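Colleague: Sharing a structure here in structure tokens format.
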Amino acid sequence: MLHVVIADKKMSLYEDLYSPALTLGTLVSLNVPCLVSRLPRDSPLGSLQRLGFPFNMTNNTLDRHFSFSAKNIKEGRYHTCLTCMFNHVGLGHFNGNMVFLLASGYDLHIQYGRKHLLLGFFGGGVSGCISQFSLYLYQQIKWENILPSPKSWSFLGHTLTIHLTRWQKSALGNIFTRVNAWRPCIGCSAGLAGLLAIQACSNIVELIRQSRKTGIKMDFNLLYRLSQLSFTSLVLFEDIYVLAGSAMWEKNMLSNLIAYSVDGVGHAAHLGGFIFGFFYYFLVIYNRVTPREF
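Here this note's numbering is used: the first residue of the sequence shown is 180, the next is one more, and so on.
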């Protein structure tokens with residue numbers, strides 16, 4: 180009996196502490212090379228650049244291989260959909276994302292295990308990149324059609340208007356590409372959005388189940404779930420609000436030109452991560468994986 184109790188305690192300790200620490204610690208450590216490469220050499224972490232690769236990567240390497248952008252996708256660097264998740268603007272960006280990764284990641288690791296945590300995280304990140312690229316294509320089409328089409332100038336003749344239409348679209352497309360194609364999207368916030376969505380769906384389902392079984396009880400778990408749902412709702416509302424505004428067909432040409440990255444935040448990437456997390460929970464986890472209480 181004593182051996183069984185000790186074994187159970189060791190297993191519980193592994194599941195509650197060691198296993199999440201290993202998973203989350205690995206994810207955090209994967210950010211270090213890009214972070215160190217971006218920091219000034221005279222900073223405490225920047226001194227690690229003396230160790231050489233991968234701690235001293237150039238800005239060109241970071242932009243081409245560790246940043247998601249329309250230019251990288253068009254040039255075939257699809258791996259940036261994953262590698263951009265381990266590249267951050269600076270310590271502030273890194274610290275903020277890691278706080279949410281540790282909080283949400285630990286929760287999901289305890290409830291559903293390492294596999295679903297990693298799939299939710301990386302799936303959300305890749306889906307976020309796809310969503311961000313879709314926004315880029317939409318904004319490009321909107322910009323290319325901002326001027327009246329030469330096809331309305333019938334007095335020029337059919338052949339000439341066709342050539343003018345193609346030239347106008349090409350010229351506007353080149354302007355849009357020069358302004359926006361190189362703009363990098365970096366960070367793991369889309370992956371975090373995927374985790375937040377899974378966590379939110381799980382909390383909603385568990386609250387409904389609890390209310391049906393025993394009724395709603397005011398305790399720590401209830402406050403935690405409601406707090407998480409409130410935070411997720413605020414983030415989701417902000418992303419949708421900004422995206423809806425940028426998607427409008429403005430009369431101002433400059434507004435249309437910079438609508439893709441007007442505030443420097445990848446709202447479309449966040450929304451893509453949320454959508455992935457929602458479908459992942461209800462298609463993969465719901466009624467298939469029993470959450471473990473913590």
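Just so you know, even glycine gets a beta-carbon here, dropped at the ideal spot from N, CA and C. Here the structure is a predicted model, which means the values were calculated and not measured.
1. Among the candidates Glu417, His446, Phe399 and Thr259, whose CA atom is the shortest distance from the CA of Phe247?
2. Report the partner residues of Cys364 according to the DSSP bridge assignment.
3. Where does Glu417 sit, in a helix, a strand or coil, going by DSSP?
4. Exposed or buried, what is Met397 when buried is set at 16 or more other beta-carbons lying within 10 Å of its beta-carbon?
5. Do the segment 345-359 and the segment 269-283 touch if we need at least three Cβ pairs shorter than 8 Å?
6. Keeping to the same chain, check which residues put their C-beta closer than 6 Å to that of Val468; ignore five residues upstream and five downstream.
7. Return the first residue and the last residue of the alpha helix (DSSP H) that Glu323 is part of.
8. With a CB to CB cut of under 6 Å and the five nearest residues on each side skipped, what residues in its chain are close to Pro199?
9. Please check the pair Ala448 and Gly307, which I expect to be a contact at CB under 8 Å, by giving their CB distance rounded to whole angstroms.
10. Should Val278 be flagged as near chain C, meaning a C-beta pair shorter than 8 Å?
11. Specify, as a first and last residue, the run of the alpha helix (DSSP H) that Ile454 falls within.
12. Run the CB neighbour count on Thr237, radius 10 Å, all protein chains shown included, and call it buried at 16 or more, exposed below.
13. Between the segment 370-377 and the segment 390-406, do three or more beta carbon pairs fall short of 8 Å?
14. Work out the CA separation of Thr202 and Leu196 for me, nearest whole Å.
15. Helix or strand or just coil, what does DSSP make of Ala186?
16. Helix, strand or coil: how does DSSP classify Val468 here?
17. When we look at the beta-carbon of Lys294 and count the other beta-carbons within 10 Å, is it buried (16 or more) or exposed?
18. Pull up the CB-CB distance for Arg256 and His244, whole angstroms please, since I reckon it's below 8 Å.
19. Which one of Phe416, Phe457, Gly225 and Ser381 has the shortest CA to CA distance from Asn400?
20. For Arg217, tell me which candidate among Val414, Ile365 and Ile464 has the shortest Cα-Cα distance.
21. Between the beta-carbon of Gln319 and the beta-carbon of Gly352, is there less than 8 Å?
22. Let me check understanding here. Comparing Cα to Cα, which of Ser440, Gly456, Tyr459 and Ile464 lies closest to Tyr317?
23. Just the Cα atoms here: how many angstroms apart are Gly231 and Pro212?
24. Quick one: Cα of Leu298 to Cα of Met264, how far?
25. Which same chain residues end up closer than 7 Å to Ala186 when comparing Cβ atoms and leaving out the 5 residues on each side of it in sequence?
26. Under 8 Å between the Cβ atoms of Leu241 and Asn266?
27. Residue range of the alpha helix (DSSP H) that Cys260 falls in?
28. Taking just the CA atoms, how far does Phe312 sit from Phe301?
Modeller: On the basis of the data shown:
1. Phe247 has its Cα closest to that of Thr259, out of Glu417, His446, Phe399 and Thr259.
2. DSSP output for Cys364 lists Phe247 as bridge partner(s).
3. The three-state reading of DSSP puts Glu417 in helix, counting H, G and I together.
4. Exposed, since its Cβ has fewer than 16 Cβ neighbours within 10 Å.
5. With a cut-off of 8 Å, the segment 269-283 and the segment 345-359 do not count as touching, because too few Cβ pairs lie within range.
6. When the five nearest sequence neighbours on each side are left out, the beta carbons in the same chain lying within less than 6 Å of the beta carbon of Val468 are those of Tyr291, in order along the chain.
7. Taken as a continuous stretch (DSSP letters only), the alpha helix (DSSP H) holding Glu323 covers Arg293 to Glu323.
8. Excluding positions up to five away in sequence, the list reads Tyr285 and His288.
9. At roughly 3 Å, the Cβ-Cβ gap stays under 8 Å, so Ala448 and Gly307 are in contact.
10. Of the protein chains in the structure, only one exists, and it is not chain C.
11. His446 to Tyr459 is the span of the alpha helix (DSSP H), which, as asked, contains Ile454.
12. Looking at its Cβ environment, which holds fewer than 16 other Cβ atoms inside 10 Å, Thr237 is exposed.
13. Judged by pairs of C-beta atoms under 8 Å, the segment 370-377 does not touch the segment 390-406, as fewer than three such pairs exist.
14. The alpha-carbon atoms of Leu196 and Thr202 are separated by roughly 10 Å.
15. Because the pLDDT at Ala186 is just 45, under 50, the model does not fix this residue reliably, and the point stays unresolved.
16. In the three-state reduction of the DSSP assignment, Val468 falls in the coil class, being assigned neither a helical nor a strand state.
17. Counting Cβ neighbours within 10 Å, Lys294 comes out exposed, since fewer than 16 surround it.
18. Yes, Arg256 and His244 are in contact; Cβ-Cβ is about 7 Å, under 8 Å.
19. The shortest Cα separation from Asn400 among Phe416, Phe457, Gly225 and Ser381 belongs to Ser381.
20. Arg217 has its Cα closest to that of Ile365, out of Val414, Ile365 and Ile464.
21. Yes, they are a contact pair.
22. With distances taken between Cα atoms, Tyr317 lies closest to Ser440.
23. Cα-Cα distance, rounded: 10 Å.
24. Taking the straight line joining both Cα atoms gives about 14 Å.
25. Low local confidence applies: a pLDDT of 45 at Ala186 is under 50, so the model's placement there is unreliable, with the coordinate-based value given in what follows. Setting aside the 5 residues that flank it on each side, Ala186 has no residue in the same chain whose C-beta is closer than 7 Å to its C-beta.
26. Yes, they are a contact pair.
27. Segment Thr259 to Thr262, the alpha helix (DSSP H) holding Cys260.
28. Whole-angstrom Cα-Cα distance: 17 Å.
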